[in-house]
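Inspection log for the structure reproduced underneath, given as structure tokens.
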Amino acid sequence: MDSLSALRDHLDGLALSAHLATAVDDRPHVAPVWFVLDDDADAVWLFTGGRKLENIDRNPRVALSIESADRAGTVDWQATLLGTAARVDDPERAAWVERRLAETYAMHADTEADESADEGDESGHDRGDDDDGEVSSEGLVRVDVASGTLTEF
């Protein structure tokens, strides 16, 4: 896949999560994330925290996997993206990503916000609960996609 255009066509109207794979010291870490595709570049935007964000700070090479399946578990298509991730400190871009996430995942927003509010967080985002139970701050991340594959079944 030379660009994200084919993936954009498959994602139209769908609220799918991706699995973000990071690694440090030959130790992989994979976790689900919500994401948005950049409108103008081969890039993916997401918010994350905890071990994922720490790993990105130490090793920016990442992979994202996304798949669409029906309720019975039959996979329609899957995509794998390889790229370089970086934490981005840009309040305007963060607001844009927040809006896009809210639009894309609106059907999940009320449930997530209610659960997060119970934990003292009103945004509805994963606030980076580490495997050891400690919470670290969340960061905006841009993944510049270098290559990808899209497989249809």
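With the UniProt record's numbering, the residue at position 43 of the sequence shown is 43, and numbering never jumps. Think of the CB as a built atom: it goes at the ideal place given N, C-alpha and C, for glycine as much as any other residue. Computed from a prediction, not measured in an experiment: that's the story for all the values here.
Which of the three DSSP states is assigned to residue i in this structure?
i: R51; result: helix
i: W45; result: strand
i: L7; result: helix
i: D76; result: strand
i: D25; result: coil
i: R142; result: strand
So residue i packs on residue j, CB below 8 angstroms; how close in whole Å?
i: H19; j: N55; result: With 8 angstroms as the limit, H19 and N55 do not qualify as a contact, their Cβ atoms being about 14 angstroms apart.
Would you kindly check if the distance between the Cβ of residue j and the Cβ of residue i is under 8 angstroms?
i: L64; j: V88; result: no
i: V145; j: D9; result: no
i: T48; j: V143; result: no
i: W34; j: L53; result: no
i: L81; j: G148; result: yes
Residues in the same chain with beta-carbon distance under 6 angstroms from residue i, minus the five sequence neighbours each way, listed in chain order, please.
i: E134; result: Because E134 carries a pLDDT of 44, less than 50, the predicted location of this residue cannot be relied on, and the following value inherits that uncertainty. Nothing meets the Cβ criterion.
i: E67; result: V75, Q78
i: G139; result: L53, R87
Provide the residue span of the alpha helix (DSSP H) that contains residue i, from first to last.
i: P91; result: 91-104
Tell me which residues share the same chain as residue i and place their Cβ nearer than 8 angstroms to its Cβ, disregarding the 5 neighbours each side in the sequence.
i: L150; result: M1, A6, L7, H10, W77, Q78, A79
Excluding five sequence neighbours on each side, which residues of the same chain lie with their C-beta closer than 7 angstroms to the C-beta of residue i?
i: G83; result: V62, V143, D144, V145, A146
Identify the continuous beta strand (DSSP E) that holds residue i and give its terminal residues.
i: A69; result: 61-69
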